[in-house]
Amino acid sequence: MDISRRFGFIGLGNMGLPMATRLLAAGHAVTVWNRSADKAEELARAGAAVAAEPADVLRQAEVVGICVKDGAAVEQIAFGPGGLAEAGAAGQGRVVVDFSTISPGQARDIGRRLRELTGAGWLDAPVSGGVPGAERGSLICFAGGEAADLELARPLLAPLAARVTYMGPAGAGQTTKICNQMIVAVNVLTIAETYGLARKAGVDLGQLAPALAGGFADSQPLQIFGPSMAAGRFEPIRTAVELMAKDLGISQDMADELEAGTPVSGFCSALYQAIRAEHEDVFWGDVAGLVRLYR
């Protein structure tokens with residue numbers, strides 16, 4: 098099979114599994130790897146090839162997507178045992194697209210080191226839209242890196258994202274995603290407070306999100322998570338509270354480094370850490386479960 102039509106995907110969690118599934122559904126040959134084999138086996142039954150290690154994915158595919166939990170996981174995939182770096186010169190001319198949300202500095206460092214070791218290009222291309230967007234192929238993608246690498250990656254991005262915006266050099270995609278997450282993480286805390294207040298005031302919670310739709314208070318998080326808060330429905334986990342906390346932590350590290358004032362998101366970052374310390378059941382669950390703090 099022509100290598101230009103074979104893609105790779107590493108990380109088959111809540112986001113990665115539907116993304117890789119969409120690549121298969123679009124008719125592409127896909128090689129996958131996942132830390133736990135069961136998710137890879139699920140895709141194998143749908144026609145994917147399963148690699149023994151991440152390096153084999155880069156050897157077999159011209160464009161490789163990664164979608165994992167955090168920077169430590171990306172680092173392990175890139176440079177750990179069997180990692181992408183072990184593909185060596187076989188990575189020449191390939192492009193790795195990291196959909197994970199990690200710090201801009203780490204994205205720049207991983208991309209530089211991987212290019213030196215393998216010749217592969219690196220795009221930091223985090224996405225917004227959550228599991229519903231991954232399932233529908235309607236994700237919004239913020240890309241940082243070499244513009245030429247983005248052009249090579251567009252056939253992989255096409256079935257996954259409704260819009261891809263080139264934000265600039267390496268790290269710019271991650272910076273944009275962290276800005277996005279600052280807004281979202283503060284918003285979902287406010288939505289949870291709103292539902293708590295409305296419930297105690299006797300308002301019909303099922304009518305709250307529809308009533309606010311289209312006004313200045315409306316948002317996708319309100320329309321997605323508000324009905325779940327109203328119904329007390331907190332599973333499955335679509336967007337985890339722990340990831341909100343992780344991303345706000347990155348924003349505060351950036352603010353410290355850049356000497357940027359972020360008092361509101363800084364307060365919310367501290368609040369997420371307090372939730373972790375005092376309400377572990379909420380912290381490790383879906384963001385809709387934040388409403389449980391206000392019962």
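First residue of the sequence shown: 98, per the working numbering; consecutive thereafter. Note that the Cβ used here is the ideal one computed from N, Cα and C, for glycine as well. Here the structure is a predicted model, which is why all the values come from computation and not from measurement.
Original post:
Nearest to THR273 by CA position, among ARG132, MET112, GLU138 and GLY202, is which residue?
Top reply: Taking only the C-alpha atoms, the option nearest THR273 is GLY202.
Original post:
In chain order, what residues of the same chain lie with their CB nearer than 7 Å to the CB of PHE399, ignoring the 5 residues before and after it?
Top reply: Summary: the structure shown does not reach residue 399, with the chain confined to residues 98 through 392, and so no result is reported for it.
Original post:
Do ALA204 and GLY241 come within 8 Å of each other at the CB atom, strictly closer than that value?
Top reply: Yes, they are a contact pair.
Original post:
Hey, would you say ALA175 sits closer than 8 Å to ARG191, going by beta carbons?
Top reply: Result no, Cβ atoms of ALA175 and ARG191 do not sit closer than 8 Å.
Subject >> Neighbourhood of ASP246 by C-beta, 8 Å cutoff - its chain only, sequence neighbours within 5 removed >> reply: Excluding residues up to 5 positions away in sequence, VAL192, GLY218, TRP219 and LEU220 lie with their Cβ nearer than 8 Å to the Cβ of ASP246 in the same chain.
Subject >> Member of GLY293, GLN320, GLY227 and SER200 whose CA lies at the smallest distance from the CA of GLU354 >> reply: From the listed residues GLY293, GLN320, GLY227 and SER200, the smallest Cα separation to GLU354 is found for SER200.
Subject >> 8 Å Cβ shell around ALA146 - same chain, five flanking residues per side excluded >> reply: Cβ within range, chain order: ALA126, VAL127, THR128, VAL129 and GLN157.
**OP:** Mark ASP344 as exposed unless 16 or more other C-beta atoms lie within 10 angstroms of its C-beta, in which case mark it buried.
**Re:** Its Cβ being crowded by 16 or more others within 10 Å, ASP344 is buried.
Original post:
What is the C-beta distance between VAL338 and LEU387, in whole angstroms, given that I count them as a contact (C-beta under 8 Å)?
Top reply: Sure, about 7 Å apart at Cβ, within 8 Å.
Subject >> Rounded C-alpha distance that separates GLU332 from TRP381 >> reply: Distance between the alpha carbons of GLU332 and TRP381: 12 Å.
**OP:** Go through its chain and collect everything with a Cβ distance to GLY188's Cβ below 6 Å, but skip five positions before and after it.
**Re:** Result list for GLY188: LEU155, THR215, GLY216 and ALA217, in chain order.
Original post:
Is DSSP giving ILE174 helix, strand or coil here?
Top reply: ILE174 carries a helical assignment under DSSP once its states are collapsed to helix, strand and coil.
Subject >> Alpha-carbon spacing of ALA222 relative to ARG392, whole angstroms >> reply: Approximately 38 Å, taken between the alpha carbons.
Subject >> Beta-carbon proximity of PHE104 to VAL160, cut-off 8 Å >> reply: Going by C-beta atoms, PHE104 is nearer than 8 Å to VAL160.
Original post:
Nearest to GLN278 by CA position, among SER225, MET264, ILE372 and ILE207, is which residue?
Top reply: The residue with the shortest Cα to Cα distance from GLN278 is SER225.
Subject >> Any non-hydrogen atom of the ligand MG within 7 Å of ALA306 CB >> reply: The ligand MG is not part of this structure, which contains no ligands at all.
Original post:
In its own chain, which residues sit with a C-beta less than 7 Å from the C-beta of LYS136, not counting the 5 before and 5 after it?
Top reply: Counting only Cβ-Cβ distances below 7 Å, and skipping sequence neighbours, we find LEU109 and LEU114.
**OP:** Starting from the Cα of GLU139, find the closest Cα among GLY124, ALA117 and ILE372 and give me that residue.
**Re:** The residue among GLY124, ALA117 and ILE372 with its C-alpha nearest the C-alpha of GLU139 is ALA117.
**OP:** Alpha carbon to alpha carbon, how far is LEU294 from ARG335? Give it in angstroms, no decimals.
**Re:** The straight-line gap from Cα to Cα measures roughly 24 Å.
**OP:** Tell me whether ALA337 sits in a helix, a strand or coil according to DSSP, three-state version.
**Re:** Looking at ALA337 - three-state DSSP - the assignment turns out to be strand.
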